[in-house]
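Trainee: Residue numbers are given in this note's numbering: position 156 of the sequence shown equals residue 170, and the series is strictly consecutive.
Cβ atoms here follow ideal geometry from the backbone N, Cα and C, with glycine treated the same way.
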Amino acid sequence: FAFVPDQIAEEFFSSVYPTITSGTSSKTVIVSTQNGLNLFYKMWQNAKNKKSEFTPVEAFWWQVPNRDDKFKESTIRNTSERQWMSEYECEFLGSQETLIKASKLIALAFQTPIMESEDGLSVYENPIKGHIYTVLVDSSRSIGKDYNAVVVVDSTDMPYKVVATYRNNTIPIPIFPNLIKKIADKYNEAYVLIEINDTGQQVADILKDELEYENILNITIKGKKGQKIGEGFGQSRSYSGIKMSSMVKKTGCGVIKEMIEGDKLLLNDFDIVAEISTYIAKGGSYEASDGYNDDLVACLGMFGWLTTQDY
Numbered sequence: 015f016a017f018v019p020d021q022i023a024e025e026f027f028s029s030v031y032p033t034i035t036s037g038t039s040s041k042t043v044i045v046s047t048q049n050g051l052n053l054f055y056k057m058w059q060n061a062k063n064k065k066s067e068f069t070p071v072e073a074f075w076w077q078v079p080n081r082d083d084k085f086k087e088s089t090i091r092n093t094s095e096r097q098w099m100s101e102y103e104c105e106f107l108g109s110q111e112t113l114i115k116a117s118k119l120i121a122l123a124f125q126t127p128i129m130e131s132e133d134g135l136s137v138y139e140n141p142i143k144g145h146i147y148t149v150l151v152d153s154s155r156s157i158g159k160d161y162n163a164v165v166v167v168d169s170t171d172m173p174y175k176v177v178a179t180y181r182n183n184t185i186p187i188p189i190f191p192n193l194i195k196k197i198a199d200k201y202n203e204a205y206v207l208i209e210i211n212d213t214g215q216q217v218a219d220i221l222k223d224e225l226e227y228e229n230i231l232n233i234t235i236k237g238k239k240g241q242k243i244g245e246g247f248g249q250s251r252s253y254s255g256i257k258m259s260s261m262v263k264k265t266g267c268g269v270i271k272e273m274i275e276g277d278k279l280l281l282n283d284f285d286i287v288a289e290i291s292t293y294i295a296k297g298g299s300y301e302a303s304d305g306y307n308d309d310l311v312a313c314l315g316m317f318g319w320l321t322t323q324d325y
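Written out as structure tokens, the structure is:
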């Protein structure tokens with residue numbers, strides 16, 4: 015089951031489960047080896063933590079007669095360490111070089127949303143009077159591949175924590191800013207930082223000029239010093255958002271790695287945990303494994319960079 019693509023797996027389970035539960039003596043058995051932090055992992059963790067009525071059952075390689083250390087050594091030689099860990103040791107993560115170390119990924123806690131909408135909004139904590147919130151926005155072309163993503167972080171005190179997320183790959187770009195404003199208004203008129211490399215510029219323009227949202231963080235280009243948060247005044251070039259660059263990404267990745275591994279940033283959201291588990295080293299940087307998304311992680315990267323700014 016863990017090897018069925020995420021979207022298909024969710025649709026399949028959602029459609030089949032009502033049929034199964036219509037019987038008075040029916041039982042559901044879900045069988046799989048591990049394959050990352052996906053729907054199967056989420057259901058497994060809920061079962062282990064007694065958040066569902068499923069019963070977790072593990073079967074290890076050494077429980078099979080005539081399998082010993084010699085068998086283990088031979089199997090690893092014929093396959094790989096990663097395959098061994100997944101297929102035989104019941105490990106959800108193998109040996110890929112992820113941004114966050116594997117031992118920490120497995121220990122990351124995710125919460126059940128207190129509110130969840132069909133279009134992709136998950137709320138983990140309602141706004142608290144007097145708290146400061148930051149809304150990070152990563153937009154896409156809304157053609158069913160990459161997601162339009164929003165992450166809301168309570169940035170009042172450390173540890174910072176994710177209090178709401180939004181992820182949708184079909185919402186039209188002209189409509190997206192309205193949703194951002196609605197979320198930002200709800201969270202005490204939060205500060206908004208938008209990635210403007212592609213469609214993000216259009217999102218930022220609508221949010222600023224048409225919807226007249228005031229708490230958009232402006233970025234000023236300071237030559238070799240790179241991008242800085244500013245008031246949007248002066249002779250330097252200023253933008254209503256951040257242009258993602260290798261420097262910004264490197265800085266952001268380094269900061270969120272330190273924060274997450276040091277329990278200075280609480281993620282709460284399962285989709286973020288799942289994305290980070292497939293966020294691996296590639297060509298001197300980090301990006302999602304083939305076939306996976308990293309839009310929520312991109313938002314966290316912007317937040318990591320933001321925390322290095324004096325503003």
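Can you check which of these residues, S131, I44 and L51, is closest to Y293 by C-alpha distance?
Mentor: Within the sequence shown, numbered from 1, the residue matching residue 293 stands at position 279. For Y293, the nearest C-alpha among the options comes from L51.
Trainee: Which residues bound the beta strand (DSSP E) around L135?
Mentor: Within the sequence shown, the letter at position 121 stands for residue 135. Counting along the chain, the beta strand (DSSP E) containing L135 begins and ends at L135 to V137.
Trainee: Looking at L310 and T179, is the spacing between their C-beta atoms short of 9 Å?
Mentor: The residue given as residue 179 occupies position 165 in the sequence shown. The residue given as residue 310 occupies position 296 in the sequence shown. Yes, the pair counts as a contact, with Cβ atoms nearer than the cut-off.
Trainee: Taking its Cβ as the centre, do 16 or more other Cβ atoms sit within 10 Å of N112, making it buried, or is it exposed?
Mentor: On the sequence shown, residue 112 is found 98 positions in, with the first residue counted as 1. According to the sequence displayed, residue 112 carries Thr and not Asn. Under this definition T112 is a buried residue.
Trainee: If you reduce the DSSP assignment to three classes, tell me which class S109 lands in.
Mentor: The sequence position of residue 109 within the sequence shown is 95, counting from 1. Interpretation of S109 is limited by its pLDDT of 47, a score under 50 that renders its predicted location unreliable; the figure taken from the coordinates is listed afterwards. Looking at S109 - three-state DSSP - the assignment turns out to be coil, as it is neither helix nor strand.
Trainee: Answer yes or no: does any C-beta atom of chain C fall closer than 9 Å to that of T112?
Mentor: Absence of chain C from the displayed structure is noted, only one protein chain being present.
Trainee: Please name the residue, chosen from D277, V262, I34 and D324, that lies closest to M316 on a Cα-to-Cα basis.
Mentor: In the sequence shown, the residue the question calls residue 316 occupies position 302. Nearest option by C-alpha distance: V262.
Trainee: Does the contact criterion of 3 or more C-beta pairs under 8 Å hold for the stretch 166-175 versus the stretch 214-232?
Mentor: no
Trainee: Please name the residue in L122, K296, A61 and G144 whose C-alpha comes closest to that of E275.
Mentor: Residue mapping note: residue 275 aligns to position 261 of the sequence shown, counting from 1. If we check each option's Cα against that of E275, L122 comes out closest.
Trainee: What is the residue span of the alpha helix (DSSP H) that K196 lies within?
Mentor: Walking along the sequence shown from the start, residue 196 turns up at place 182. That run of the alpha helix (DSSP H) goes F190 to K200.
Trainee: Using only the alpha-carbon positions, how far apart do V18 and E25 sit?
Mentor: Against the sequence shown, residue 18 aligns to sequence position 4. Against the sequence shown, residue 25 aligns to sequence position 11. Near 11 Å, if we compare the C-alpha coordinates of E25 and V18.
Trainee: Nearest-angstrom Cα distance between P70 and K196?
Mentor: Mapped onto the sequence shown, residue 70 falls at position 56. Mapped onto the sequence shown, residue 196 falls at position 182. Going by the C-alpha atoms only, they are around 40 Å apart.
Trainee: Hey, C313 and L135: beta-carbon distance below 9 Å or not?
Mentor: As a first step, residue 313 is located in the sequence shown; it is residue number 299 there, counting from the start. As a first step, residue 135 is located in the sequence shown; it is residue number 121 there, counting from the start. Their beta carbons are not under 9 Å apart, which means C313 does not touch L135 by this criterion.
Trainee: Report yes or no: do three or more beta-carbon pairs, one from the stretch 277-295 and one from the stretch 114-132, lie closer than 8 Å?
Mentor: yes
Trainee: G318 and M273: beta carbons closer than 9 Å?
Mentor: One-based indexing of the sequence shown puts residue 318 at position 304. One-based indexing of the sequence shown puts residue 273 at position 259. Yes, the pair counts as a contact, with Cβ atoms nearer than the cut-off.
Trainee: Among D324, E228, N183 and T35, which residue has its Cα nearest to the Cα of D308?
Mentor: As a working note, residue 308 is residue 294 in the sequence shown. Comparing Cα-Cα distances from D308 to each of D324, E228, N183 and T35, the minimum goes to N183.
Trainee: By Cβ distance below 6 Å, which residues in the same chain neighbour A61 in space, the five residues on each side in sequence not counted?
Mentor: Counting from one through the sequence shown, the residue named residue 61 turns up at place 47. Within its own chain, the residues whose Cβ lies closer than 6 Å to the Cβ of A61, once the five positions on either side in sequence are excluded, are F68 and P70, listed in chain order.
Trainee: Tell me the DSSP secondary structure of R96 in three-state form.
Mentor: Counting from one through the sequence shown, the residue named residue 96 turns up at place 82. Here R96 sits in helix by DSSP.
Trainee: Buried or exposed: which applies to I22, given that a residue is buried once 16 or more other Cβ atoms fall within 10 Å of its Cβ?
Mentor: The residue given as residue 22 occupies position 8 in the sequence shown. Exposed, because fewer than 16 other Cβ atoms sit within 10 Å of the Cβ of I22.
Trainee: Among residues of its own chain, excluding the 5 on either side of D152, which ones have a beta-carbon nearer than 7 Å to its beta-carbon?
Mentor: Taking the first residue of the sequence shown as 1, we reach residue 152 at position 138. Within the same chain, D152 has close Cβ partners A163, E209, D309, A312 and C313.
Trainee: Helix, strand or coil for Q249? Go by DSSP, reduced to three states.
Mentor: Here residue 249 is taken as the residue at index 235 of the sequence shown, counted from 1. Any answer about Q249 is weak, because its pLDDT of 49 lies below 50 and its placement is not dependable; what the coordinates show is given next. DSSP places Q249 in coil when its eight states are reduced to three.
Trainee: How about V206 and N229: do their beta carbons lie closer than 9 Å?
Mentor: Counting from 1 along the sequence shown, the entry for residue 206 is found at position 192. Counting from 1 along the sequence shown, the entry for residue 229 is found at position 215. In this structure, N229 lies closer than 9 Å to V206 by Cβ.
Trainee: How many Å lie between E101 and D304 at the Cα?
Mentor: Start at 1 with the first residue of the sequence shown, and residue 101 comes out as number 87. Start at 1 with the first residue of the sequence shown, and residue 304 comes out as number 290. Rounded to the nearest angstrom, the two C-alpha atoms are 21 Å apart.
Trainee: Roughly how many angstroms lie between the CA atoms of W233 and G266, to the nearest whole one?
Mentor: Start at 1 with the first residue of the sequence shown, and residue 233 comes out as number 219. Start at 1 with the first residue of the sequence shown, and residue 266 comes out as number 252. Here residue 233 turns out to be Ile, not Trp, going by the sequence shown. C-alpha separation (whole angstroms): 15 Å.
Trainee: Closest to E289 by CA distance: which of K56, T38 and P32 is it?
Mentor: Within the sequence shown, numbered from 1, the residue matching residue 289 stands at position 275. Answer by Cα proximity: K56.
Trainee: Could you say which of K175, I187, V43 and L320 lies nearest to V137 if we only look at CA atoms?
Mentor: Counting from 1 along the sequence shown, the entry for residue 137 is found at position 123. When only C-alpha atoms are compared, the closest one is K175.
Trainee: Can you tell me the Cα-Cα spacing of D219 and S36, whole angstroms?
Mentor: On the sequence shown, position 205 is the one that residue 219 refers to. On the sequence shown, position 22 is the one that residue 36 refers to. Each residue's alpha carbon lies about 51 Å from the other.
Trainee: Measure from the alpha carbon of S254 to the alpha carbon of each residue in I270, E226, K271 and K118, then state which is nearest.
Mentor: Numbered from its first residue, the sequence shown carries residue 254 at position 240. Ranking the options by Cα distance to S254, first place goes to E226.
Trainee: Reducing DSSP to helix, strand and coil, say where G214 ends up.
Mentor: Indexing the sequence shown from 1 puts residue 214 at position 200. Three-state result, G214: helix.
Trainee: Could you pull out every residue in the same chain whose Cβ sits closer than 6 Å to the Cβ of V177, ignoring the five residues on either side in sequence?
Mentor: Numbered from its first residue, the sequence shown carries residue 177 at position 163. Excluding sequence neighbours, V177 sits near Y138, E139, V166 and D168.
Trainee: What is the DSSP secondary structure of F15, reduced to helix, strand or coil?
Mentor: For this step, residue 15 is matched to residue 1 along the sequence shown. Correct three-state label for F15: coil.
Trainee: Could you pull out every residue in the same chain whose Cβ sits closer than 6 Å to the Cβ of Q97, ignoring the five residues on either side in sequence?
Mentor: Position 83 of the sequence shown holds residue 97. Correct list: empty, nothing qualifies.
Trainee: Apart from the five residues on each side of it in sequence, which residues of its chain come closer than 6 Å, Cβ to Cβ, to K242?
Mentor: Counting from 1 along the sequence shown, the entry for residue 242 is found at position 228. Within the same chain, K242 has close Cβ partners T234 and K236.
Trainee: Would you report the Cα separation of A73 and D223, rounded to the nearest angstrom?
Mentor: Position 59 of the sequence shown, counted from the start, is the residue given in the question as residue 73. Position 209 of the sequence shown, counted from the start, is the residue given in the question as residue 223. Approximately 59 Å, taken between the alpha carbons.
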